[in-house]
Each structure stands twice: as C-alpha cells, then as structure tokens.
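In what follows, a single structure is set out as structure tokens and then discussed.
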Amino acid sequence: MVALHKPRVLIAEDDPDTLVILRINLTAVGIEPMLASDGRTALERIETESPDALLLDVLLPGIDGWQVLEQLHAKGDPVPVIVCSGKDNILDLQRARDLGAVAYLVKPFDIDRLIEVTSEVVGLRQTDPAIDRRTAADADGVELA
Amino acid sequence: MRNHRQSEPDRLRRDARIAGLRDFQTPSLEAVEQRRRQLWQRTATALALIAAVVVSFAIIPSARLTGSGAGRILFVIVGVGGGLFLWAFHKETALERLTRSLTDERVLTAALTNRLHEVSLLLDAGKQMNAHLQMDELLDTILRSACELLDATGGSVMLVEETDLVTVCALGRDAAVGQRMRLGEGVGGYVAIRREPVLIDGHADPDLFPGLVLREPYVESAMSVPLVHRAELQGVLNVNAPIGRSFTEYDLRALAVFAEQAALAVANARLYEAERAHVAALLDLRKRREVG
Chain A
19 MVALHKPRVL IAEDDPDTLV ILRINLTAVG IEPMLASDGR TALERIETES
69 PDALLLDVLL PGIDGWQVLE QLHAKGDPVP VIVCSGKDNI LDLQRARDLG
119 AVAYLVKPFD IDRLIEVTSE VVGLRQTDPA IDRRTAADAD GVELA
Chain B
20 MRNHRQSEPD RLRRDARIAG LRDFQTPSLE AVEQRRRQLW QRTATALALI
70 AAVVVSFAII PSARLTGSGA GRILFVIVGV GGGLFLWAFH KETALERLTR
120 SLTDERVLTA ALTNRLHEVS LLLDAGKQMN AHLQMDELLD TILRSACELL
170 DATGGSVMLV EETDLVTVCA LGRDAAVGQR MRLGEGVGGY VAIRREPVLI
220 DGHADPDLFP GLVLREPYVE SAMSVPLVHR AELQGVLNVN APIGRSFTEY
270 DLRALAVFAE QAALAVANAR LYEAERAHVA ALLDLRKRRE VG
C-alpha cells in the first residue's frame with residue numbers, strides 16, 4: 019500500500035544539536051520529523067498532530083520522558099514510543115516495556131540503528147494498529163517485540 | 020539521500036509563497052494563522068456567492084435558463100466552485116506544513132535558549148565557586164548555588180576523610196553537620212563508592228543502600244552526586260526537593276554537571292589549605308632558626 023503522506027515522527031529531545039541531527043537524518047530517509055524540546059510540548063503535539071511514532075528522550079526539562087510515557091500509557095494513546103536513554107540497565111528497560119514502549123535505544127546511539135528501528139516502528143504501525151500492545155524485549159539493549 | 024533536497028528555509032519560503040504570504044520575512048505562526056483565517060473566509064464567501072447564483076438561476080423566473088445552455092452554465096459554475104475549493108485546499112496544505120515547520124523552529128529556538136540558560140547558570144555558579152578559596156565559604160557557596168540551580172530546599176556536602184564521609188556543610192538540617200559515615204554506607208556512601216549520581220523518589224531502599232539511616236524529616240525526593248576531580252573522590256553533594264516536587268533525571272544530569280565544577284573548586288581549596296599549612300610550617304621553621 020502506498021502511503022498518502024510521509025510517516026511523521028515526533029522527536030522529544032532537549033539537546034538542540036541532537037534535534038537537528040535527528041531531523042536531518044530522518045528527513046533523508048523519507049520520514050517527516052516533528053520536534054519537541056520538553057515533555058509538555060511533546061504531549062501537546064501528540065494530542066494535536068497525532069504523529070506516527072515518538073522518539074522519546076528520557077531527559078527532558080519539566081515533564082521528563084518517563085512522565086510523558088506514563089501519561090501516554092494512562093491515556094491508552096496508541097502512538098508507538100521509542101525510548102532513548104543513557105542508561106542500559108535492566109530496570110529502565112523493564113520500566114519502558116511496562117509502560118508500553120516498543121523500543122529502547124541506549125545513548126550514544128548509532129544513527130543508522132536509530133533510523134532502522136524508527137523506520138521499522140513506523141512501518142509496523144501502518145500494518146499493525148495495535149502496536150501499543152507489543153511488549154519490549156530484544157535487540158542490542160534496544161528493541162522490543 | 021537526494022542532493023537537490025531543499026533546505027529548511029527554502030522549504031519555508033516555498034510554502035509561504037504557495038500560501039500567499041508574499042512579504043514573508045520573519046517566520047511567524049501568527050501570520051500563518053491570520054492567513055488561514057483569511058483564506059477560509061474568502062473561500063467561504065466565494066462559495067456562498069456561487070451557491071447564491073445557482074439558487075437564483077433556479078428560483079428567479081427571469082434568470083431561469085433552459086436547454087443545453089443552462090446545463091453548460093451550471094457545469095461551469097460548479098466547476099469554478101470545485102476549482103476554488105481545490106485551490107483553497109492546496110493553500111491549506113502549504114499552511115499546515117508552514118505551521119509544523121514554524122513550530123519546529125520555535126522548539127529549536129526554545130531548546131537553544133534553555134541550553135544557553137543552563138550554561139549561563141553553570142558559568143555563574145562556577146564563577147562564584149572559584150571566587151572562594153576558604154573551604155567554609157566555598158562549601159556554603161556550593162550548597163546554596165546547587166539549591167538555587169535546582170530549586171531545592173536544602174541539602175548537604177560531605178567530604179572524604181580517610182575512609183569516612185563527613186558532613187561538613189548542611190542547609191535545612193544543621194544537626195547533620197559533623198555526622199560521619201563509612202564509605203559504602205547509606206546513600207552518600209553508595210554514591211561515593213560507585214561514583215555515580217543517584218535520584219531517590221520516595222523512601223530509599225535499605226537493601227540497596229546498606230547502613231541507611233532514615234532521614235528526619237522525611238524527604239520526598241532527593242539527589243546525590245559524587246564530587247570527583249581528576250579521578251579523585253572529594254566528597255558527595257546531596258540536595259532535597261521541596262514538598263510536592265520530585266526531581267527528575269534531567270535535574271540529576273544538571274546536578275552532575277554542576278558537581279564537576281564543585282569538585283574542581285573543592286580540590287583547589289584543599290590545595291590552597293595545604294599550601295597555606297606548608298607556608299606556615301616554613302615560616303615557623305625560619306622563626307625557630309632566627310631564634311636559635
């Protein structure tokens with residue numbers, strides 16, 4: 019099926035350099051990036067613009083990434099979330115999984131890997147609207163299935 | 020990657036041109052919203068006029084047309100209406116893209132502003148800390164600056180003394196000053212041994228922090244970071260959140276960055292103390308020689 023519009027991915031990240039790098043790289047592979055530099059903006063843009071996926075940094079000012087994830091989970095929002103964190107401990111991975119994240123990327127991440135995971139998640143959402151029911155668990159400290 | 024891919028400003032300009040914002044100089048979401056209102060007001064007016072013409076053809080006897088001419092005219096009118104709607108839709112699509120792009124630019128600006136603000140606060144804190152060489156003054160400045168930076172109500176600074184951590188400065192709980200704990204004991208000891216920042220929400224887990232002494236009064240949210248300079252542990256910095264507020268991982272990172280500067284200042288103050296003691300010893304030696 020040919021998509022009528024480019025998949026849109028909201029990048030919630032506080033670091034301006036990372037925001038720009040992710041925007042350039044996602045645009046290059048045909049994904050339309052949207053930006054949020056704090057949790058509140060991320061929640062607002064999800065509410066009003068319904069992105070196809072959310073790339074969520076844990077470290078956000080104000081409402082942090084975990085709180086964003088908790089709120090989305092509580093609302094039952096179907097947006098697939100890829101959590102990005104500097105920690106690779108099992109507790110955080112478990113927490114992300116319990117809150118319905120579909121992937122967990124450990125920083126500093128390989129940009130190719132990030133694009134691969136993001137593209138996969140966006141593609142999965144097009145064929146599997148129930149992606150929020152997926153559970154976390156596999157790849158290099160990162161993915162979920 | 021396509022080489023001819025348009026840059027963000029080019030894309031903005033193109034969408035602005037399509038949307039009818041000809042004097043588009045400075046990105047403005049307000050201008051886009053105004054243009055959107057204008058576009059749909061004009062479209063609605065034009066469609067209403069077309070509808071009025073169609074209705075008048077139908078109900079006014081003198082304007083009523085018959086035969087194939089009427090069909091053609093109606094076809095043209097409906098075609099104009101459809102074309103108008105498509106034109107408006109095309110403009111609306113460009114306006115939507117503009118809105119998203121401008122929102123993204125605002126987000127980027129906000130991210131840069133926040134980062135500049137953080138750097139500026141850290142720079143100020145660094146200047147204040149480096150203005151002191153007396154340990155007591157320095158520790159007080161470190162604690163107050165950390166609390167100011169993170170809107171914390173209190174905290175403490177613990178310094179390493181041989182195999183112990185000693186609370187040498189406290190804000191909000193003066194009784195803590197002078198308390199001593201072994202490295203590895205409690206939250207501070209855990210942070211000192213592991214040399215990693217810790218964020219505590221709610222009650223600290225005694226299994227995770229052996230030798231934990233429950234704090235009075237109860238602190239809902241707290242952070243502890245190690246003070247490490249050139250791989251040498253100087254101490255631990257603790258801050259407590261006010262009632263009703265919880266620290267986040269973001270706050271923890273800010274405190275960890277702050278702690279790097281604080282550790283440098285503590286190391287310098289210790290060096291200064293050691294030098295002063297050394298000079299005092301030399302002066303004392305010279306005085307003894309003169310007397311002898």
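Just so you know, the protein sequences line up as chains A and B, in that order.
All residue numbers for the first sequence refer to this note's numbering, where the first residue is 19 and numbers rise by one.
All residue numbers for the second sequence refer to this note's numbering, where the first residue is 20 and numbers rise by one.
Quick reminder that beta carbons are idealized off the backbone N, C-alpha and C, glycines included.
Contacts that residue i makes with chain A (C-beta to C-beta distance below 8 Å)
i: L131 (chain B); result: P34
i: Y209 (chain B); result: Neighbours of Y209 (chain B) on chain A: none; closest Cβ ~15 Å, over 8 Å.
i: R272 (chain B); result: L77
i: D123 (chain B); result: R41, P51, M52 and L53
Partner residues on chain E for residue i, Cβ-Cβ distance less than 7 Å
i: R134 (chain B); result: No chain E is part of this structure, whose protein chains are labelled A and B.
Member of the options whose CA lies at the smallest distance from the CA of residue i
i: V247 (chain B); options: B:A50, B:L178, B:Q153 and B:E239; result: B:L178
i: D220 (chain B); options: B:M242, B:D29 and B:V51; result: B:M242
i: D224 (chain B); options: B:E204, B:A211, B:R214 and B:I212; result: B:E204
i: Q53 (chain B); options: B:T62, B:L40, B:L135 and B:A65; result: B:L40
i: L28 (chain A); options: A:K93, A:G94 and A:V101; result: A:V101
i: G94 (chain A); options: A:E65, A:T36, A:S55 and A:S103; result: A:E65
i: F286 (chain B); options: B:A65, B:M148, B:E111 and B:G230; result: At residue 286 (chain B) the sequence reads Ala, which differs from the Phe that was named. Selected option, being the one with the closest Cα: B:M148.
i: P261 (chain B); options: B:E251, B:V210 and B:P236; result: B:P236
i: Y209 (chain B); options: B:T132, B:R308, B:V244 and B:V95; result: B:V244
i: L140 (chain B); options: B:A284, B:V276, B:V126 and B:E294; result: B:V276
i: V99 (chain B); options: B:A299, B:G197, B:E294 and B:T62; result: B:T62
i: G104 (chain A); options: A:V47, A:L78, A:L90 and A:L117; result: A:L78
i: E294 (chain B); options: B:D29, B:Q153 and B:I78; result: B:Q153
i: E62 (chain A); options: B:G254, B:R134 and B:T122; result: B:T122
i: L117 (chain A); options: A:P96, A:N43, A:D35 and A:L44; result: A:P96
i: T132 (chain B); options: A:P34, A:D110 and A:I49; result: A:P34
i: Q85 (chain A); options: A:N107, A:D106 and A:A119; result: A:A119
i: A60 (chain A); options: A:N43, A:R115 and A:G80; result: A:G80
i: T118 (chain B); options: B:A38, B:S240 and B:F266; result: B:A38
i: L93 (chain B); options: B:E111, B:R55 and B:I69; result: B:I69
Within 7 Å, strictly: CB atoms of residue i and residue j
i: L218 (chain B); j: L271 (chain B); result: yes
i: L162 (chain B); j: L190 (chain B); result: yes
i: A278 (chain B); j: L256 (chain B); result: yes
i: D82 (chain A); j: E31 (chain A); result: no
i: R131 (chain A); j: P69 (chain A); result: no
i: A113 (chain B); j: D34 (chain B); result: yes
i: S175 (chain B); j: A194 (chain B); result: no
i: L157 (chain B); j: A288 (chain B); result: yes
i: S164 (chain B); j: L31 (chain B); result: no
i: P51 (chain A); j: R41 (chain A); result: yes
i: V187 (chain B); j: R199 (chain B); result: no
i: V38 (chain A); j: I133 (chain A); result: no
i: V258 (chain B); j: A144 (chain B); result: no
i: A54 (chain A); j: V139 (chain A); result: no
i: L111 (chain A); j: Y122 (chain A); result: yes
Interface residues of chain B facing residue i [CB-CB closer than 9 Å]
i: S137 (chain A); result: Those do not exist, as S137 (chain A) stays about 14 Å from chain B at its closest Cβ, beyond 9 Å.
DSSP bridge partner residues for residue i (one or two, in chain order)
i: R26 (chain A); result: A:E50
i: S240 (chain B); result: B:D220
i: Y209 (chain B); result: Bridge partners of Y209 (chain B): none, in fact.
i: Y122 (chain A); result: A:V101
i: T186 (chain B); result: B:M177
i: H248 (chain B); result: B:E251
i: R307 (chain B); result: DSSP lists no partner for R307 (chain B).
i: M200 (chain B); result: B:L184
i: L256 (chain B); result: B:V176 and B:V244
Where residue i meets chain B, residues with beta-carbon distance less than 7 Å
i: S68 (chain A); result: None at all; the shortest Cβ gap to chain B is about 12 Å.
i: L37 (chain A); result: L127 and A130
i: A54 (chain A); result: V126
Where residue i meets chain A, residues with beta-carbon distance less than 7 Å
i: E268 (chain B); result: V76, L77 and D82
i: R119 (chain B); result: M52
Chain-ordered neighbours of residue i on chain A, where CB pairs are closer than 9 Å
i: R264 (chain B); result: By Cβ distance, chain A contributes nothing, its closest Cβ being about 12 Å from R264 (chain B), past 9 Å.
### Task
Just list the beta strand (DSSP E) runs in the region 45 to 90 of chain A, keeping only unbroken ones of 3 residues or longer that don't cross its boundaries, in chain order.
Segments of the beta strand (DSSP E) lying fully in the region 45 to 90 of chain A: 50 to 54 and 71 to 75.
#### Entry: Whole runs of the alpha helix (DSSP H) within the region 65 to 127 of chain B, excluding any shorter than 4 residues
Within the region 65 to 127 of chain B, no run of alpha helix (DSSP H) reaches 4 residues while sitting entirely inside it.
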